[in-house]
Structures are given as structure tokens and as C-alpha cells.
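Trainee:
Residue numbers (the working numbering), protein chains in the order written: chain A, 285 to 637; chain B, 2 to 264.
#1: Alpha carbon to alpha carbon, how far is residue 114 of chain B from residue 223 of chain B? Give it in angstroms, no decimals.
#2: Excluding the 5 residues preceding and the 5 following residue 396 of chain A in the sequence, name in chain order all residues of the same chain whose CB lies nearer than 6 Å to its CB.
#3: Does residue 208 of chain B come out as helix, strand or coil in the three-state DSSP assignment?
#4: Start and end of the alpha helix (DSSP H) containing residue 501 of chain A?
#5: To which residues of the same chain is residue 482 of chain A closer than 6 Å at the C-beta, ignoring the five residues directly before and after it?
#6: To the nearest angstrom, how far is it from the Cα of residue 539 of chain A to the Cα of residue 69 of chain B?
#7: Does DSSP put residue 613 of chain A in a helix, in a strand, or in coil?
#8: Could you list which residues in chain B have their beta carbon closer than 7 Å to that of residue 421 of chain A, in chain order?
#9: Does the beta-carbon of residue 175 of chain B have 16 or more other beta-carbons within 10 angstroms, so that it is buried, or is it exposed?
#10: Helix, strand or coil for residue 454 of chain A per DSSP?
#11: Does residue 390 of chain A have its Cβ less than 7 Å from a Cβ in chain B?
#12: Assign residue 186 of chain B to one of three DSSP states: helix, strand, or coil.
#13: In its own chain, which residues sit with a C-beta less than 6 Å from the C-beta of residue 391 of chain A, not counting the 5 before and 5 after it?
#14: Can you check whether the C-beta of residue 143 of chain B is within less than 7 Å of a C-beta belonging to chain A?
#15: Could you check whether the Cβ of residue 225 of chain A sits closer than 7 Å to any Cβ belonging to chain B?
#16: I want to see whether chain B comes within less than 7 Å of residue 311 of chain A, judged by CB atoms only; does it?
#17: What number of angstroms, rounded off, separates the C-alpha of residue 377 of chain A from the C-alpha of residue 497 of chain A?
#18: Does the beta carbon of residue 176 of chain B come closer than 7 Å to any beta carbon on chain A?
#19: Spatial neighbours of residue 155 of chain B within its chain, please: C-beta separation below 8 Å, excluding the five flanking residues on both sides.
#20: Which residues, in chain order, does the region 68–85 of chain B contribute to contact with chain A at a C-beta distance below 7 Å?
#21: Is there a Cβ from chain A that is less than 7 Å from the Cβ of residue 49 of chain B?
#22: Answer yes or no: does any C-beta atom of chain A fall closer than 7 Å to that of residue 230 of chain B?
#23: Given that a residue counts as buried once 16 or more other Cβ atoms are within 10 Å of its Cβ, and exposed if not, what is residue 63 of chain B?
#24: Using a Cβ-Cβ cut-off of less than 7 Å, give me the residues of the region 149–173 of chain B that come near chain A, in sequence order.
#25: Suppose contacts are defined by Cβ-Cβ distances below 7 Å. Is residue 386 of chain A in contact with residue 398 of chain A by that definition?
#26: For residue 225 of chain A, return the contacting residues in chain B, with the cut-off set at a CB-CB distance below 9 Å.
#27: Run through chain B and tell me which residues come within less than 7 Å of residue 365 of chain A, C-beta to C-beta.
#28: According to DSSP, which residues form a beta bridge with residue 225 of chain B?
#29: Consider the Cβ of residue 565 of chain A: report whether some Cβ of chain B lies at a distance smaller than 7 Å.
#30: Run the CB neighbour count on residue 142 of chain B, radius 10 Å, all protein chains shown included, and call it buried at 16 or more, exposed below.
#31: With residue 87 of chain B and residue 169 of chain B assumed to form a contact (beta carbons below 8 Å), what rounded beta-carbon distance in angstroms separates them?
#32: Taking Cβ positions, are residue 518 of chain A and residue 418 of chain A nearer each other than 7 Å?
#33: Find the nearest neighbour of residue 356 of chain A within the set A:319, A:306, A:506 and A:480, judged by alpha-carbon distance.
#34: Any idea if residue 462 of chain A is buried or exposed, counting beta-carbon neighbours within 10 angstroms, 16 or more meaning buried?
#35: Starting from the C-beta of residue 109 of chain B, find all residues in its chain whose C-beta is less than 6 Å away, skip the five residues before and the five after it, and write them out in chain order.
#36: Please go through the same chain and pick out, in chain order, the residues whose beta-carbon is closer than 6 Å to the beta-carbon of residue 375 of chain A, but skip the five residues on each side of it.
Quick look at the structure:
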């Protein structure tokens, strides 16, 4: 070639494998290989130190590292398969090398075991319901997988209903299966989502961002007026407020929250709906006395927040804990603010309409 | 909401004053490309006076511009513009499902008229390239569909389609083992090699060769050639394409860095 454009060090062919720790929180592209840290130590230390001679000279001992979404193992390296920001989380228990994953922006959901999702019932055949969760095939939900369901006492689920449940079987080889009870047999917020409200779809990254423990959007939104929100990890959000106008405002806020900061977002949308008292708090309530009499926790993938109250009944609300396991119960009243309380100290209250 | 807009002007990055044809492209993309082209002079020229054999046209890429597909991208190379949308992993008809990997489908729509044999041929080539790169084993019994719409054709169409398909697959989050790009070379009657030829150069050329290269080792994934050329010329074209693919991959990287820096 007549002109030789300088080949910079960033060219993908020449870089080879880079150490994972050097590219944390940076964009990685599919095809890049990452070296795990302990391998470098083994290579770099050479003969120094009193490490025992390994029997197999080629193999170096590795700390166990969990490979999260967007990464695959190729030999003793990590191969990046999706484009996004590389993240790392230190292990909490002290052993193992932690988790590496790629934070990518995606719209299509792939079922993962343990995820809580919102599904739409598409068919009822015999003993199971077929639920569309946005993946490549509909998930199956047995009619017995509801709290208090027996062969004689079937749950009242129709085609077109919204279901909030979690996956118990979700891998690439089998049809996904979901249930609406947890391992103790309690509903824990799952089940049929009530009447009215609005279901809309957002990207998966936005859901994770809204459910992150340090996200203040929900708290700010909750101070406006009584509302109910259910987040599904498949990108679906169900919202409900007293009037349709408030519901739509809420939906617009959540969709617009994919932009960055919260204050600018709140000022952008119309935040003064008529007829709403100033200083209205979240109307989320504590656990049901009629079911178990205490607030219960459940951990979803990441931090999951669910505020759910059935109008007209004694409401149920669960605030699901973040990774740290802290639970904050909120007691709703017309002009109060969010207050923290411990798990046992939360008392059930009647829904304030 | 449009994110991930980036342009690459090779003249700019190489730091030289070279007159490359920076025609702003088709009407639909005008608002987008004009913003980037303002930084560079020389809009509106249609003649291409490039040095023999070595430069690629102005690139532009935009991701996530369509709301319904899971991933979408628009790729511009000079005047050639292709819009790609990716759906997947989605449901697949039982007749088309493969038990251990994803079924990849490519649909190419020409700018005017119904798709014919040439489109089917290009679809097959793009599909073979994508199948070599996409990790279909992670999503068995699903379908990944790539839909390409030719917005304007001014030479190097297959290469532009490959680039658009790659960016759309990345935008959709389909797991891939590498990125890929397409580069076209034309050999004219006195043996001069022209990379990224225009339609006029392609018509006058003795041979037109298109290569698809992957990002890891610049390996050859697909090649399609038309015309007369010798063995040595083939190797020369392949080497030139491999060097040119570095620019394309660097442009991919810049484009994706810009997209993720916004979020």
C-alpha cells in the first residue's frame, strides 16, 4: 500500500489478551480475551517464593472465578461475547475470585433461573398455563404453583391475566417453568396481578438500574402519590395509580428515567397532577395478618423492589432487600414520609384510600 | 432516541490532508450524518480522488435507531447506506428449528423491486458469515433473524451489508465469538487495487473481490469474487483488505465506546 496508516496499539489484532483487572468498567468488545489475575501472578513470580513445584508444570493453580453474563471460558481465559462494560464484584465470603460480568444494553430477555418476571397468560391447557415472558418460548406454569391451590381449589387465572412469578427451571435446553410460590410455599407477592394498571416494556438495563439499591428514582416517585409498581426482570413494568392520568405520568417518568439524573427528569415531566395532596407518600403496606402476620423477605436476582397493594383489601407490600439484606418497611399515610422499621417491628395497617 | 452515533473519517485520523469524497449521503440519514460531517470539510463533492489503492470512504454508523427490533444499526460507507435490524433469540417454527443451535435467517431487501436471485445469493453469504461468528449453541431451538434494507447503493454493497449486520448483532446483544467486517477490493485493467470502490469503479474494474474478516486474527470468514485475477493479485487484495479491516474495527470500537459512554 502506498500509504501506511500507523497501526496503533489499540488495534484489535495486536493487543492479544489483556488482564481483566485493567479493563474493569470499560467497554469490552466480543472476541476479546481477558486474563484472570492469578495467572499473571503465577507467570510473573517466576521462581521466587516458596511455592511447591507443581507436578504438571503447565497448569497453574487458579482461584475460582464466576463467569457471569457476557463472558465465556475459553481454555484458561475469559472470552467476551457481548459488548458492554466489564464489571467485577469481590467475593463476600472471602474465597474465590469473585464474579466478572459484562453490563450490556439489551431488549430481548433470556430466561434465567430465579428471576422474577411478569408474564401474560396465553393459553390454558389441562393442568398448566402457558405464559409469555418475552423469551423464545412461553413458560409453563402449573395451576398448583399458587399459594393455597389444591386440586379442588384452583386459582382464578384467565387467559390474558398478568402473572408475577419466578423461574424454577430455565436453561437453554428445556422449556422454562415458572411458579408463583417460593420454596416455603408462600406467595410472597407473586401471583396474579390485579385489575387495571398499565403494563409497558423497557430495556433490561433500565430495570436493573431502577432496582439497584442506590437508585433514588423510586423513592422520589413514591413521594408523589399512592402508587403500585411491579418490576419484572424481563423488561416489563406494571404501574397503577388512582387515576389514569397519574398512571400515565408514572409510566412516562419510568420510561424517561433511562436518561441520567433524577432531578432533571422529574422537572421534565408534568409533576403536578391536579387534585393530589402535596406530600403524599407511598401507600405501601406491611405484611398481611391473614396470611402470615409478618413481613417476609425474598431475594431476587439483584435487588428487587416490589410494592403491591390490592385496592379495597388489606394491602400487602414487600420491599425486597438489596444485596446487603437490609429491609426497610414503609408505612403509608396520606401525608407522611418513608420511615424505616425492622422486620419484626412492622405492623400491618389498613390501606388508606 | 438515537444513541451510538459515530463517524470515522480516515483522513482525520491519519492526520493528513487528503481529499476524500465526503458526500453527505442519502436523505434519510442527512440529519445524522451532517452533524458529523460538519467537522470535516469538503461536503458535496461527488468525484473521488483517492490515492491508488488505499483509502476507505467515510464511515458512519448509528445504533438502536429502530424501536421494534431487538437490535438495529445503520451503516454508511460513502454513499452506500444499509439499515439492519436483528430479532432474536426468538421463537422459531418447528419446521425450521435446529435442536442444538440457533437458526440464523438473513433477509435482504433491495431498494426497489422484489428480491431476486442476487439478493438470495447475498443473503446466503451474509448468513454463512454470521453463522461462523454467532454462538448459536447458547440458544438452541431459537431463531435469530437479520433483516437488511438497502437504502442506497453506490458500490461495495455487500461489505456495507456485512458491517451493518455486525453492528446490529452487537446492538441486539447476540453472543458472538468475534466481530466481523466486510471489505471490497476492485482490480482495474492495469492491476491497480482500489479499496471500497464506488459503483462506477466496480463497473469498470476487471475483478471485484469482497472479503469478510473477523476481528480476532483477521482471519478470512467469507470471500466472494467476480472477474479475472491472478493468484498473486488475490493474495495482494487479501492483504490490503486485512489492513483496511483494522480501520473498520477501530471505527467499531470508537462507535461502541461513544455509545456506552453516554449511558
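Beta carbons are placed, not taken as given, at the ideal position from N, Cα and C, and that holds for glycine.
Mentor: Let me lay it out:
#1: Position 222 of the second chain, counted from the first residue, corresponds to residue 223 of chain B. Position 113 of the second chain, counted from the first residue, corresponds to residue 114 of chain B. So the alpha carbons of these two residues sit roughly 27 Å apart.
#2: The residue labelled residue 396 of chain A in the question sits at position 112 within the first chain. Within its own chain, the residues whose Cβ lies closer than 6 Å to the Cβ of residue 396 of chain A, once the five positions on either side in sequence are excluded, are 454, listed in chain order.
#3: The residue you call residue 208 of chain B lines up with position 207 of the second chain. Note: residue 208 of chain B maps to strand in three-state DSSP.
#4: What you label residue 501 of chain A is simply residue 217 of the first chain in a count that begins at 1. It spans 501–506 - the alpha helix (DSSP H) in which residue 501 of chain A sits, taken as one unbroken run.
#5: Position 198 of the first chain, counted from the start, is the residue given in the question as residue 482 of chain A. Closer than 6 Å at Cβ, skipping near neighbours: 523, 531 and 535.
#6: Counting from 1 along the first chain, the entry for residue 539 of chain A is found at position 255. Counting from 1 along the second chain, the entry for residue 69 of chain B is found at position 68. One C-alpha to the other measures close to 16 Å.
#7: Counting from one through the first chain, the residue named residue 613 of chain A turns up at place 329. At residue 613 of chain A, the pLDDT of 33 sits below 50, so the modelled position is not reliable; the number obtained from the coordinates is stated separately. In the displayed model, residue 613 of chain A falls within coil according to three-state DSSP, outside both helix and strand.
#8: Here residue 421 of chain A refers to the residue found at position 137 of the first chain. Here the neighbours are 92.
#9: Locating residue 175 of chain B in the second chain gives position 174, where the first residue counts as 1. By the neighbour-count rule (16 or more Cβ atoms within 10 Å), residue 175 of chain B is buried.
#10: Taking the first residue of the first chain as position 1, residue 454 of chain A is located at position 170. In the three-state reduction of the DSSP assignment, residue 454 of chain A falls in the coil class.
#11: As a first step, residue 390 of chain A must be located in the first chain, where it is residue number 106. Yes, because at least one Cβ of chain B sits closer than 7 Å to the Cβ of residue 390 of chain A.
#12: Mapped onto the second chain, residue 186 of chain B falls at position 185. The answer is strand: DSSP assigns residue 186 of chain B an E or B state.
#13: Translated into positions along the first chain, residue 391 of chain A becomes position 107. The beta carbon of residue 391 of chain A lies closer than 6 Å to those of 487 in the same chain, with the five residues before and after it left out.
#14: One-based indexing of the second chain puts residue 143 of chain B at position 142. Closer than 7 Å: yes.
#15: The question about residue 225 of chain A has no answer, for chain A in this structure spans 285 to 637.
#16: Start at 1 with the first residue of the first chain, and residue 311 of chain A comes out as number 27. Residue 311 of chain A counts as touching chain B.
#17: For the purposes of this step, residue 377 of chain A is identified with residue 93 of the first chain, where counting begins at 1. For the purposes of this step, residue 497 of chain A is identified with residue 213 of the first chain, where counting begins at 1. So the two alpha carbons sit approximately 20 Å from each other.
#18: Taking the second chain and counting its residues from 1, one reaches residue 176 of chain B at position 175. Residue 176 of chain B has a beta carbon lying within less than 7 Å of a beta carbon in chain A.
#19: One-based indexing of the second chain puts residue 155 of chain B at position 154. Cβ within range, chain order: 79, 80, 81, 199 and 200.
#20: Cβ contacts with chain A: 71.
#21: Mapped onto the second chain, residue 49 of chain B falls at position 48. Residue placement at residue 49 of chain B cannot be trusted, given a pLDDT of 39 that sits under 50; what the coordinates show is reported in the next sentence. When Cβ-Cβ separations below 7 Å define contact, residue 49 of chain B makes no contact with chain A.
#22: Translated into positions along the second chain, residue 230 of chain B becomes position 229. Residue 230 of chain B has a beta carbon lying at 7 Å or more from every beta carbon in chain A.
#23: For the purposes of this step, residue 63 of chain B is identified with residue 62 of the second chain, where counting begins at 1. Of the residues assessed, residue 63 of chain B falls on the buried side of the cut-off, its CB having 16 or more other CB atoms within 10 angstroms.
#24: For the region 149–173 of chain B, which is checked against every Cβ of chain A, the residues closer than 7 Å are 171 and 173.
#25: If you number the first chain from 1, residue 386 of chain A lands on position 102. If you number the first chain from 1, residue 398 of chain A lands on position 114. The answer is no: Cβ separation not under 7 Å.
#26: This structure cannot settle anything about residue 225 of chain A, because the visible part of chain A is limited to 285 through 637.
#27: Residue 365 of chain A sits at position 81 when you count from the first residue of the first chain. Those within 7 Å of residue 365 of chain A in chain B are 136, 176, 177 and 178.
#28: The count along the second chain starts at 1 and reaches residue 225 of chain B at position 224. DSSP links residue 225 of chain B through a beta bridge to B:211.
#29: Reading the first chain from its first residue, position 281 is the one you call residue 565 of chain A. Only weak support exists for where residue 565 of chain A lies, its pLDDT of 25 falling under 50; the value from the coordinates is given anyway. Not one chain B Cβ lies under 7 Å of residue 565 of chain A.
#30: Reading the second chain from its first residue, position 141 is the one you call residue 142 of chain B. The residue in question, residue 142 of chain B, is buried, as its Cβ has 16 or more Cβ neighbours within 10 Å.
#31: The sequence position of residue 87 of chain B within the second chain is 86, counting from 1. The sequence position of residue 169 of chain B within the second chain is 168, counting from 1. Taking C-beta atoms under 8 Å as the contact rule, residue 87 of chain B and residue 169 of chain B qualify, at a distance of about 5 Å.
#32: Your numbering for residue 518 of chain A matches position 234 in the first chain. Your numbering for residue 418 of chain A matches position 134 in the first chain. Yes, the pair counts as a contact, with Cβ atoms nearer than the cut-off.
#33: For the purposes of this step, residue 356 of chain A is identified with residue 72 of the first chain, where counting begins at 1. The option with the nearest alpha carbon to residue 356 of chain A is A:319.
#34: Position 178 of the first chain, counted from the start, is the residue given in the question as residue 462 of chain A. Residue environment for residue 462 of chain A: buried (at least 16 other C-beta atoms within 10 angstroms of its C-beta).
#35: Counting from 1 along the second chain, the entry for residue 109 of chain B is found at position 108. Within the same chain, residue 109 of chain B has close Cβ partners 120, 123, 124 and 149.
#36: As a working mapping, residue 375 of chain A is identified with position 91 in the first chain. Hits under 6 Å: 382.
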